[in-house]
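Undergrad:
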Amino acid sequence: MSSGQPLVRVEELQKYFWEQDSILDRLLGAEPVPVRAVDGVSFDIYRGETLGLVGESGCGKSTAGETLLRLQEPTDGHVEFDEHDVYELAGSELTEFRRDAQVVFQDPFSSLDPRMTIGEIVRQPLDVHNVDTVEKRRERVRELLERVGLSADQLDRYPHEFSGGQRQRIGIARALALEPEFLVLDEPTSALDVSVQAQVLNLLDELQAEFDLTYLLISHDLSVIRHICDRVAVMYLGEIVEIGPVEAIFEEPKHPYTEALLESVPRATTDERERDRETISGDVPSPRDPPSGCRFRTRCPKVIPPDDVEIDQEEYRAIMDLRERIERRDISLESVGEDGGFEFVDGAVSETDLPAFVTALKTRVIDRTLAPEHDEVVEEALAELASSNWERAADVLSSRYESVCERRRPELGEESHPAACHLHDDAEESIRR
Amino acid sequence: MISERVKSNLKQTFSESLLPKIGLLLLISILFMAMFAPILATHDPTRTGHYTEEGAEYPPLGHEYTTQVAADGEIGEVTVRGSSEHVLGTNNVGQDVYSRFLYGARISLLVGLLGTSMAVAIGVPVGLVAGYYGGRVDDGLMRIADVMLAFPALVLALALIGVFGESPVQVPDPIVLAGLAEGMPESIPIPGTVTIVVGLVTWVWFARVARGEALSIRNEEYVKAARSFGASNWTILSKHVLPNSLTPIIVLATIQVAVIILLEASLAYLGFSGTTLSWGYEIERGQDVLRTRPWVSMLPGIGIVLAVISVNLLGDWFRDALDPNIEGEGR
Amino acid sequence: MTEDVLRVNDLSTRFFTTEGQINAVSSLDLRIERGEIFGIVGESGSGKSVTARSVMNLIESPGEITSGEIWYRNRDLVAEVEDDYPDAVDGEFVDLLELPDDLRRSLRGTSFSMIFQDPESSFNSTLTVGEQLAEAVEVQRRASANPRSTRARTREYSLGNYLLSSVLPSQRYVSEASRERAIELLEMVGIPDPVERADEYPHEYSGGMLQRAMIAQALAGEPDVLVADEPTTALDVTIQAQVLDLLDDLQERTGMTILLITHNLGVIARMCDRVGVMYAGEIVERGRLEDVFDEHVHPYTEGLLGSVPDLERAGDRLQPIPGNVPSLIDAEMDDRCYFADRCPKAMETCLEHPPEYDAGGSDRHQARCVLAEIDYEEGRALPADYFGDTERPAGDKHADPDRTEDDVEPERTRSVVDDSGGDRR
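These protein sequence lines map, in sequence, to chains U, L and G.
Last residue of the first sequence: 433 in my numbering, with the numbers rising by one and none dropped.
Last residue of the second sequence: 764 in my numbering, with the numbers rising by one and none dropped.
Last residue of the third sequence: 1189 in my numbering, with the numbers rising by one and none dropped.
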């Protein structure tokens, strides 16, 4: 299925949103802050296939979908559709593209204009492109509605008279009106009940076969992705971390994030309670200030320690979290001081109190016992904090524990199932050698 | 454009509450008075000199008052009685108060409606464009609007009238021209500058409301969908954004009619109207004789109050009925 | 064997709207045992949220509990109310619906707590999370010390105190003890660095952390029963997994009872001991997890499970349930099995409203379907077009009178907001 020239080719697509960017902010001298919604993603979509784009909310998957349809202007990067650069299109070529690529949205409530009848809604694309005569357009609308499983008699009704699943069918009919080649399905079933979701998924399946459609399915729901996709791209914080055939992604995930995602989904079977789950801790960092190197490293259960450091992953995680807190200056030294009765003079604890202070601080910030060699380094860092020397404290930790995962951004390889993770670097390099 | 659901909401709110009924009744009566003023009026409202034999103003029918008049070179006190000729009396230049009241309703409503249309015509496009395009366009347009808001409406209106003059416009009266009423003026003067000025000082409200609506509508998925199949910005603005932002604009427009009626009355009261056939002007005229001949100001005053109340009640009704937060019309 | 903590008998909750009387919950029976996690699963408009709210006494106009009893086992409560309300007491049980409103309200937090799907709206954005937890702690403490009086609370939360607290940071917490307890609660729900986090405002929390904070708030009064209404629907899967782990862990540690409402069958499978499947305001099938998932009798349960795409296997065609969620308007509900019009196995007998039958499996497995008693016979099947066109417009609009069941919505709103977070608006 995935052979020949790709229909859609996305290269290094970037989309930033800017905060603090109004005239007033400029006048006040505020620097615009970029929100890196999509930060350099590349993938191909081949004719007739369904590519899934999966990720958690805020990972930029919907923005990627909208940007590649040029509903938003990209910050950087290229998208080729049928060998034409989408962002260079103008005039009749752009019109052509607007006919060939369509989108179905997530929200069955907001995706239909409440003040138009469904006949008008489905007919609108035909009107805009002046297809055929008015009489033929009407006929086409009836056909489309019947095709998606609605009765053509309902043409004159308003969207609010329909249920969520029916509205989604109307949205699909509208997207099909211009006989497109390519459909972006942006969470098409997320707002629907499971039984209705199944109806819509089946419909999408049939339509793909019937009209030779190519789909980009954007979803957070892994079971939906597995059900209808041929290939899957997993997104995390604006980047694609792994891409490959659906079987490979689900059966042999390479990236720790993909593994974690799959582990986290509760299965609707009776042995779910006994299943051995490996879930990940922590939250998705802000796309305003993404972590250096690998963006998943703040939550990753498999961060690579430096070669000369022997440490188990949990201890390593504890130390990395501590370092991050020190870098953010997010430890309330005063409250440790108050609790232990230490006094800060000029931001420092007196010499005599130092050992006790370090011990108190350590119980506060590290909730496990560390191996002696690591314990020593941590205490050294905490002692720096006793004199409010945040930078030194962070340096002590980073010089010893800095991981390759934070120094270098892992690249997504070129093979059929690449993962952007340093764990797979070695394998890759050894093959090249 | 107005869906069945809106209609049923309007009906339901109307039947459930007394206030919209009062408002509608009041407004219909005022409209009726204004439309058929030449037929309902008993005298030419601009003709002066309707005095009693003693040369005093008529009080309303059934009332009497004593006043000093000069007769034969002497000043004497006389008691003046109302006459059925001038049921509501005459004012201090001897014009029929009742007839002027009817014509005043015309001016108030005309200025209210025309001024509001003016404000809508400027404010709504500006607001929709600002909200829909966003970014620099929005910044620019909305800063202008902020500057407009910084001036009190009345002061701004006075300044503009000072610059452009009053320029009254004579509008022919179809009822008189059709020969349905005799002895009435063939045209009435509309305060030209005032009508435009009240629009100019109130468009900002429409711009703000329209902008807010456009801001949220442009993020609706049906707008994105329209863009995805290549609809032009103009199509999107006229087919999606405008129709979907109408509800709050209609509500605002209704209430704004009342604001403009008051504004016109204030301007007329201050003598900047360009027409003498205005309730505001009449109140000013009666002010000097408020103690002795209160009817001169009272009737136009009541007129203003009733007109404002009726329009506001209707505005409330529309708001209750059309507000999507109350019944789930769209979201 | 464990004892029942909650017995709901014949509960009916109706909404009186301009479109007609809506039977959100009809003659519902429920037994919940102490220390179990009981799940109610259903689609939007099935009445599952209304059931939870009815138990919590959170039904607001135009809704009303029109009949039923909610028996709650609590010896202390019995001792407290048996003199004043002898009718409301039966053995160790108290009928909550017989108690006056203020008394029921005082049970909230201490006996019953609820967590919702949308944590953002449950916190006041102008107070720190720690302050709000401390407040919950204080209120619970006073309520349990003196259940009938809320006056003490009004005194300490007076305007003067409020003004003082905005000037003096030391006044912000009602007491040092409550602050400590707040931090302890945050730690209990697994919020890292609770001391620092307690002084942050809700907007500084992520969605998952806020959900944890809400759980902490619900646990402040050490409730007997925790009602969790779609607690993870608004969360991403990795965060959902964390929150479910937390709930499971807390349940084990405190031994509380959880009534879990969700539309997600995976969450049910992950969490619950027993399950009730709701459809059109009724529980159509109930039993132990294994009964319902593996031995189900009701075609609706079958359809629901068949609709979920399998994560472990690539897809065969899904087996969806045809048609739409039914109308719950009283006038439109015929006296038949409410699922019959969508049921692939509808028979003539289904034109009568079925009672609950024992359905094999464990002794608690019951189904409101004749198939529990008799086998499907094609000869007695209803003709396919018996109920006319099943694509009836707007089925689920009626079913959702006051948007109490907009289960799947916040997910949508959230991701829309998040994805375009930095757009110039």
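By construction, the Cβ of each residue, glycine as well, lies at the ideal position given by its N, Cα and C atoms.
Is it a yes or a no for the stretch 43 to 55 of chain U touching the stretch 228 to 246 of chain U, going by three-plus beta-carbon pairs under 8 Å?
TA: Judged by Cβ distances under 8 Å, the stretch 43 to 55 of chain U makes contact with the stretch 228 to 246 of chain U, as three or more pairs qualify.
Undergrad: What residues in the stretch 1045 to 1062 of chain G have a beta carbon less than 8 Å from any beta carbon of chain U?
TA: Answer set for the stretch 1045 to 1062 of chain G: Leu1053, Glu1054, Phe1057, Asp1058.
Undergrad: Let me know the alpha helix (DSSP H) ranges lying completely inside the stretch 306 to 351 of chain U, each 4 residues or longer, listed in chain order.
TA: Runs of the alpha helix (DSSP H) inside the stretch 306 to 351 of chain U: 313 to 327, 333 to 340.
Undergrad: Could you compute how far the alpha carbon of G:Thr996 sits from the alpha carbon of U:Val234?
TA: So the alpha carbons of these two residues sit roughly 22 Å apart.
Undergrad: Does the stretch 214 to 229 of chain U touch the stretch 1101 to 1113 of chain G, meaning 3 or more C-beta pairs lie closer than 8 Å?
TA: With the cut-off at 8 Å, the stretch 1101 to 1113 of chain G and the stretch 214 to 229 of chain U do not touch.
Undergrad: G:Arg837 to G:Leu867, Cα distance in whole Å?
TA: Going from the Cα of G:Arg837 to the Cα of G:Leu867 covers about 15 Å.
Undergrad: Helix, strand or coil: how does DSSP classify U:Tyr215 here?
TA: Looking at U:Tyr215 - three-state DSSP - the assignment turns out to be strand.
Undergrad: List the endpoints of the continuous alpha helix (DSSP H) containing L:Gly568.
TA: Unbroken alpha helix (DSSP H) run through L:Gly568: 568 to 583.
Undergrad: With a CB to CB cut of under 6 Å and the five nearest residues on each side skipped, what residues in its chain are close to U:Val148?
TA: Excluding residues within five positions, the ones whose Cβ falls inside 6 Å are Arg169, Ile172, Ala173.
Undergrad: Could you tell me which chain L residues have their CB closer than 8 Å to the CB of U:Arg98, listed as they occur along the chain?
TA: By Cβ distance, chain L contributes Ser661, Phe662, Gly663.
Undergrad: When the Cβ atoms of the stretch 817 to 833 of chain G are set against those of the stretch 776 to 784 of chain G, are three or more pairs found closer than 8 Å?
TA: With the cut-off at 8 Å, the stretch 817 to 833 of chain G and the stretch 776 to 784 of chain G touch.
Undergrad: Hey, out of U:Cys421, U:Glu334, U:Glu310, U:Glu338, whose CA is closest to U:Ala371's CA?
TA: Comparing Cα-Cα distances from U:Ala371 to each of U:Cys421, U:Glu334, U:Glu310, U:Glu338, the minimum goes to U:Glu310.
Undergrad: Which value, in whole angstroms, describes the spacing of the CA atoms of L:Leu746 and L:Val738?
TA: Near 12 Å, if we compare the C-alpha coordinates of L:Val738 and L:Leu746.
Undergrad: One question on the structure: do L:Phe639 and L:Val553 come within less than 8 Å of each other, judged by their Cβ atoms?
TA: Cβ atoms of L:Phe639 and L:Val553: closer than 8 Å.
Undergrad: U:Asn130: buried (16+ other C-beta within 10 angstroms of its C-beta) or exposed?
TA: Burial call: exposed.
Undergrad: For L:Ser620, which residues does DSSP report across the bridge?
TA: Answer is L:Pro605.
Undergrad: How is G:Tyr1150 classed by DSSP in three states: helix, strand or coil?
TA: DSSP places G:Tyr1150 in coil when its eight states are reduced to three.
Undergrad: In angstroms with no decimal places, state the Cα-to-Cα distance between U:Ser350 and U:Arg329.
TA: One C-alpha to the other measures close to 21 Å.
Undergrad: Taking the CB atoms as reference points, tell me whether U:Pro301 and U:Glu315 lie closer together than 8 Å.
TA: For U:Pro301 and U:Glu315, no; Cβs fall outside 8 Å.
Undergrad: When you compare only the Cα positions, how much space is there between U:Ala486 and L:Arg576?
TA: The displayed coordinates of chain U run from 1 to 433. Any statement about residue 486 of chain U would go beyond what the structure contains.
Undergrad: Is there a Cβ from chain U that is less than 8 Å from the Cβ of G:Asp1149?
TA: G:Asp1149 does not count as touching chain U.
Undergrad: With a 10 Å radius around its C-beta and 16 neighbouring C-beta atoms as the bar for buried, classify L:His496 as buried or exposed.
TA: L:His496 is exposed by the Cβ-count criterion.
Undergrad: Contact criterion: CB-CB distance below 8 Å. Does G:Val720 meet it with respect to chain U?
TA: Any answer about residue 720 of chain G is impossible in this case: the structure gives chain G only from 765 up to 1189.
Undergrad: What did DSSP end up calling G:Tyr1121 once you bin it into helix, strand or coil?
TA: In the structure shown, G:Tyr1121 sits in a strand (DSSP, three-state: E or B).
Undergrad: Taking all protein chains shown into account, do 16 or more other C-beta atoms lie within 10 angstroms of the C-beta of L:Phe765, making it buried, or fewer, making it exposed?
TA: What is shown of chain L runs 434 to 764, which leaves residue 765 of chain L out entirely.
Undergrad: Residues in its own chain within less than 6 Å of U:Phe344 by CB, not counting five upstream and five downstream?
TA: Gly337, listed in sequence order.
Undergrad: With the cut-off set at 8 Å, would you say U:Asp230 and U:Val104 are in Cβ contact?
TA: For U:Asp230 and U:Val104, no; Cβs fall outside 8 Å.
Undergrad: Just the C-alpha distance for L:Leu703 and L:Gly616, rounded to the nearest angstrom, thanks.
TA: One C-alpha to the other measures close to 30 Å.
Undergrad: As an exercise, report each continuous alpha helix (DSSP H) stretch of at least 4 residues that is fully enclosed by the stretch 340 to 417 of chain U, in chain order.
TA: Counting only runs of 4 or more, we get 354 to 365, 372 to 386, 390 to 401, 404 to 407.
Undergrad: Where does the unbroken beta strand (DSSP E) through U:Arg9 begin, and where does it stop?
TA: It spans 6 to 19 - the beta strand (DSSP E) in which U:Arg9 sits, taken as one unbroken run.
Undergrad: Are the beta-carbon atoms of U:Phe182 and U:Leu7 separated by less than 8 Å?
TA: Closer than 8 Å, so yes.
Undergrad: Around the C-beta of L:Lys454, are 16 or more other C-beta atoms found within 10 angstroms, so that it is buried, or is it exposed?
TA: Answer is exposed; the Cβ neighbour count stays below 16.
Undergrad: Can you check whether the C-beta of U:Leu69 is within less than 8 Å of a C-beta belonging to chain L?
TA: Judged by the 8 Å Cβ criterion, U:Leu69 is in contact with chain L.
Undergrad: Note down the Cα distance separating L:Thr668 from L:Lys440, rounded to an integer number of angstroms.
TA: Using only the alpha carbons, I get a separation of about 26 Å.
Undergrad: Cβ closer than 8 Å: which chain U residues qualify as neighbours of G:Ser970?
TA: In chain order: Asp283, Val284.
Undergrad: Between U:Pro291 and U:Trp390, what straight-line distance do the alpha-carbon atoms span, to the nearest angstrom?
TA: Using only the alpha carbons, I get a separation of about 19 Å.
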